[in-house]
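> Below is the structure I would like to discuss, written out as structure tokens.
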Amino acid sequence: MKISKLITSSVILFATATILPGCKKSFIDLTPQGIVPVTTYYNTEIDIRSALTGAYSSLRPIYNEQYGFGEVPSDNTQTYGESESSYGEQDKLTWNATSTNLQNAYTRFYATISYANIVLVHVDTPPMTQANRNLYIGQAKFLRALMYFNLVRMFGGVPLVLTEITSEQQAYTYNRSTAAAVYTQIEKDLTEAAAVLPASYSGTDIGRATSTAANALLGKVYMFQNKYTQAEAILATVSATAGTLIPFNQVFGLGNDNNRDVIFSVQYLSGGYSEGNTYARGFVPQPSGTTITTSVTGNSNNIGTPDLYSAFEPGDNRMNVSIGVYV
30 MKISKLITSS VILFATATIL PGCKKSFIDL TPQGIVPVTT YYNTEIDIRS
80 ALTGAYSSLR PIYNEQYGFG EVPSDNTQTY GESESSYGEQ DKLTWNATST
130 NLQNAYTRFY ATISYANIVL VHVDTPPMTQ ANRNLYIGQA KFLRALMYFN
180 LVRMFGGVPL VLTEITSEQQ AYTYNRSTAA AVYTQIEKDL TEAAAVLPAS
230 YSGTDIGRAT STAANALLGK VYMFQNKYTQ AEAILATVSA TAGTLIPFNQ
280 VFGLGNDNNR DVIFSVQYLS GGYSEGNTYA RGFVPQPSGT TITTSVTGNS
330 NNIGTPDLYS AFEPGDNRMN VSIGVYV
């Protein structure tokens, strides 16, 4: 038994002594396969296109609570019931820097801006046709402008970040810009985007930013600054491109996706789980139970007021499509 243990130990020691001297640093100093370093990325056109897709993907949660800052504080809608903890402070104009919805919006807007900036910083690195490069630049500038438009309307002046943030220290170097400076950058981005983007796409590219979308957003930006002459001129080009409007009750009809009245609509793939979408419950009164939304109850996030209902003129076909009455 002792001889057997001695022989076994000797074999292990011999094997270890034989293997260890043969190990080089390269044998154990391996490149991580699960993480792609920035230094080795953005070297191909596919990388740039993937980065741009990431920017579009970040739009998915952007408008989850956006109506809480646009409609809920106004006289158009109100909130009550289970929504008091989140949307109630917006309804009463009592939100502050710690409010969840406010933090979510601010963070998500800047996340999309960051993704767009990354595309713009690295788009000149890989070889590609200038036409394709212009497409990526135009789309990134459109997305950046859209996010800054959301920010400036909610917060006024905000930090104007136009390049890639590579460190925490760099992030702290930005101060708050004026609202005028932010609007100037938005106009610049949209003007440059409209100049290089196509009027439409086909196939799997449908839903990307177009020159029509850039001009339409620019017209809206002008109106928010009371630049009505510029707004009228640019929106006339949008109207000419879109042609005759279709009936309002058909714009959002099933099977009528991407009709000519839809100016910008990001396309998402279905997850295949058939779980439905509960977003609509936020616009349904909580006391209605499942009368309106058959599977879940309403939560009264954004309920139209009688003032909004009475604001529609007789014969306005948008009213019956937009507002339902529950008694």
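Our numbering numbers the first residue of the sequence shown as 30 and each following residue consecutively. We treat Cβ as the ideally placed atom computed from N, Cα and C, and that holds for glycine. Only a predicted model underlies this, so the values are computations on that prediction, with no experimental measurement involved.
(1) Going by CA-CA distance only, name the one from 183, 286, 217 that's closest to residue 247.
(2) Are the CB atoms of residue 225 and residue 245 within a distance shorter than 7 Å?
(3) Which first and last residues belong to the alpha helix (DSSP H) in which residue 179 is found?
(4) By the 10 Å Cβ neighbour count, where 16 or more other Cβ atoms means buried, how is residue 138 classified, buried or exposed?
(5) Should residue 212 go down as buried or exposed, given a rule of 16 or more other Cβ atoms within 10 Å for buried?
(6) So what does DSSP say about residue 333, is it helix, strand or coil?
(7) If you draw a straight line from the C-alpha of residue 150 to the C-alpha of residue 192, how long is it?
(8) Please state whether the Cβ-Cβ distance between residue 85 and residue 295 is less than 7 Å.
(9) Report the rounded CA-to-CA distance for residue 132 versus residue 258, giving the unit in angstroms.
(10) Let me know the secondary structure DSSP gives residue 107 once reduced to three states.
(11) Give the straight-line distance between the Cα atoms of residue 235 and residue 129, rounded to the nearest whole angstrom.
(12) For the alpha helix (DSSP H) that contains residue 217, what are its first and last residues?
(13) Check the DSSP bridge columns for residue 188 and list the partner residues they point to.
(14) Looking only at its chain, what residues have a beta carbon closer than 7 Å to the beta carbon of residue 81, apart from the 5 residues adjacent to it on each side?
(15) Considering only residues of the same chain and omitting the five flanking positions on each side of residue 70, which have a CB-CB separation below 6 Å?
(16) I want to know whether the segment 96 to 105 touches the segment 328 to 339 - three or more CB-CB distances under 8 Å.
(17) Roughly how many angstroms lie between the CA atoms of residue 72 and residue 145, to the nearest whole one?
(18) So residue 173 and residue 142 are supposed to be a Cβ contact under 8 Å. How far apart are they, rounded?
(19) With a threshold of 8 Å on Cβ separation, who are the neighbours of residue 349 within its own chain once the five nearest residues in sequence on each side are excluded?
(20) Keeping to the same chain, check which residues put their C-beta closer than 6 Å to that of residue 33; ignore five residues upstream and five downstream.
(21) Just to confirm before moving on: does the CB-CB distance between residue 117 and residue 127 stay below 7 Å?
(22) For a quick check, are the C-beta atoms of residue 293 and residue 243 less than 7 Å apart?
(23) Only counting the same chain, and skipping five residues up and downstream in sequence, which positions put a Cβ closer than 6 Å to that of residue 215?
(24) Could you check the C-alpha separation between residue 153 and residue 74 for me, to the nearest Å?
(25) Can you grab the Cα-Cα spacing for the pair residue 309 / residue 281, in whole Å?
(26) In three-state DSSP terms, what is residue 261?
(27) What span of residues does the alpha helix (DSSP H) with residue 130 cover, start to end?
(28) With distance defined between alpha-carbon atoms, name the residue in 210, 94, 269, 263 nearest to residue 187.
(29) Between residue 180 and the rest of its own chain, which residues show a CB-CB distance below 6 Å, the 5 nearest in sequence each way excluded?
(30) Helix or strand or just coil, what does DSSP make of residue 89?
According to the structure shown:
(1) As a first step, residue 247 must be located in the sequence shown, where it is residue number 218. With distances taken between CA atoms, residue 247 lies nearest to 217 out of 183, 286, 217.
(2) Locating residue 245 in the sequence shown gives position 216, counting from the first residue. Locating residue 225 in the sequence shown gives position 196, counting from the first residue. Inclusion of residue 245 and residue 225 in the CB contact set at 7 Å is not warranted, their separation being larger than that value.
(3) Locating residue 179 in the sequence shown gives position 150, counting from the first residue. Its alpha helix (DSSP H) spans residues 159 to 184.
(4) As a working mapping, residue 138 is identified with position 109 in the sequence shown. By the neighbour-count rule (16 or more Cβ atoms within 10 Å), residue 138 is buried.
(5) Along the sequence shown, read from residue 1 onward, the residue named residue 212 stands at position 183. Classification of residue 212: buried, given that the 10 Å Cβ count is 16 or more.
(6) Position 304 of the sequence shown, counted from the start, is the residue given in the question as residue 333. Correct three-state label for residue 333: strand.
(7) For the purposes of this step, residue 150 is taken as the residue at position 121 of the sequence shown. For the purposes of this step, residue 192 is taken as the residue at position 163 of the sequence shown. Straight-line Cα distance between these residues: approximately 7 Å.
(8) One-based indexing of the sequence shown puts residue 85 at position 56. One-based indexing of the sequence shown puts residue 295 at position 266. Taking 7 Å as the Cβ cut-off, residue 85 and residue 295 qualify as a contacting pair.
(9) Here the question's residue 132 lines up with position 103 in the sequence shown. Here the question's residue 258 lines up with position 229 in the sequence shown. Near 36 Å, if we compare the C-alpha coordinates of residue 258 and residue 132.
(10) Reading the sequence shown from its first residue, position 78 is the one you call residue 107. If DSSP states are grouped into helix, strand and coil, residue 107 belongs with the strands.
(11) For the purposes of this step, residue 235 is identified with residue 206 of the sequence shown, where counting begins at 1. For the purposes of this step, residue 129 is identified with residue 100 of the sequence shown, where counting begins at 1. Going by the C-alpha atoms only, they are around 33 Å apart.
(12) Stepping through the sequence shown from its first residue, residue 217 is reached at position 188. Residues 208 to 225.
(13) Residue numbering aside, residue 188 sits at position 159 when the sequence shown is read from its first letter. In the DSSP output, where bridge partners are listed per residue, residue 188 has 205.
(14) As a working note, residue 81 is residue 52 in the sequence shown. 148, 165, 168, 169, listed in sequence order.
(15) The count along the sequence shown starts at 1 and reaches residue 70 at position 41. Around residue 70: 76.
(16) Yes: the two stretches touch, three or more of their Cβ pairs being nearer than 8 Å.
(17) What you label residue 72 is simply residue 43 of the sequence shown in a count that begins at 1. What you label residue 145 is simply residue 116 of the sequence shown in a count that begins at 1. If I take the Cα positions, the gap works out to 17 Å.
(18) As a working note, residue 173 is residue 144 in the sequence shown. As a working note, residue 142 is residue 113 in the sequence shown. Confirmed, Cβ separation roughly 5 Å.
(19) Numbered from its first residue, the sequence shown carries residue 349 at position 320. 278.
(20) Locating residue 33 in the sequence shown gives position 4, counting from the first residue. Confidence is the limiting factor: at residue 33 the pLDDT is only 47, short of 50, which leaves the residue's position unreliable, though a coordinate-based value still follows. Closer than 6 Å at Cβ, skipping near neighbours: no residue.
(21) The residue you call residue 117 lines up with position 88 of the sequence shown. The residue you call residue 127 lines up with position 98 of the sequence shown. Cβ distance not < 7 Å, so residue 117 and residue 127 don't count as in contact.
(22) What you label residue 293 is simply residue 264 of the sequence shown in a count that begins at 1. What you label residue 243 is simply residue 214 of the sequence shown in a count that begins at 1. For residue 293 and residue 243, no; Cβs fall outside 7 Å.
(23) Translated into the one-based positions of the sequence shown, residue 215 becomes position 186. Excluding residues within five positions, the ones whose Cβ falls inside 6 Å are 174, 177, 178, 250.
(24) Locating residue 153 in the sequence shown gives position 124, where the first residue counts as 1. Locating residue 74 in the sequence shown gives position 45, where the first residue counts as 1. Whole-angstrom Cα-Cα distance: 10 Å.
(25) Locating residue 309 in the sequence shown gives position 280, counting from the first residue. Locating residue 281 in the sequence shown gives position 252, counting from the first residue. Near 14 Å, if we compare the C-alpha coordinates of residue 281 and residue 309.
(26) Here residue 261 is taken as the residue at index 232 of the sequence shown, counted from 1. Helix.
(27) Your numbering for residue 130 matches position 101 in the sequence shown. Per DSSP, residue 130 belongs to the alpha helix (DSSP H) from 129 to 151.
(28) Along the sequence shown, one-based indexing puts residue 187 at 158. Here the closest residue by C-alpha is 210.
(29) Here the question's residue 180 lines up with position 151 in the sequence shown. So the list reads 138, 187, once near-sequence residues are dropped.
(30) Within the sequence shown, the letter at position 60 stands for residue 89. Residue state, collapsed to three classes: coil.
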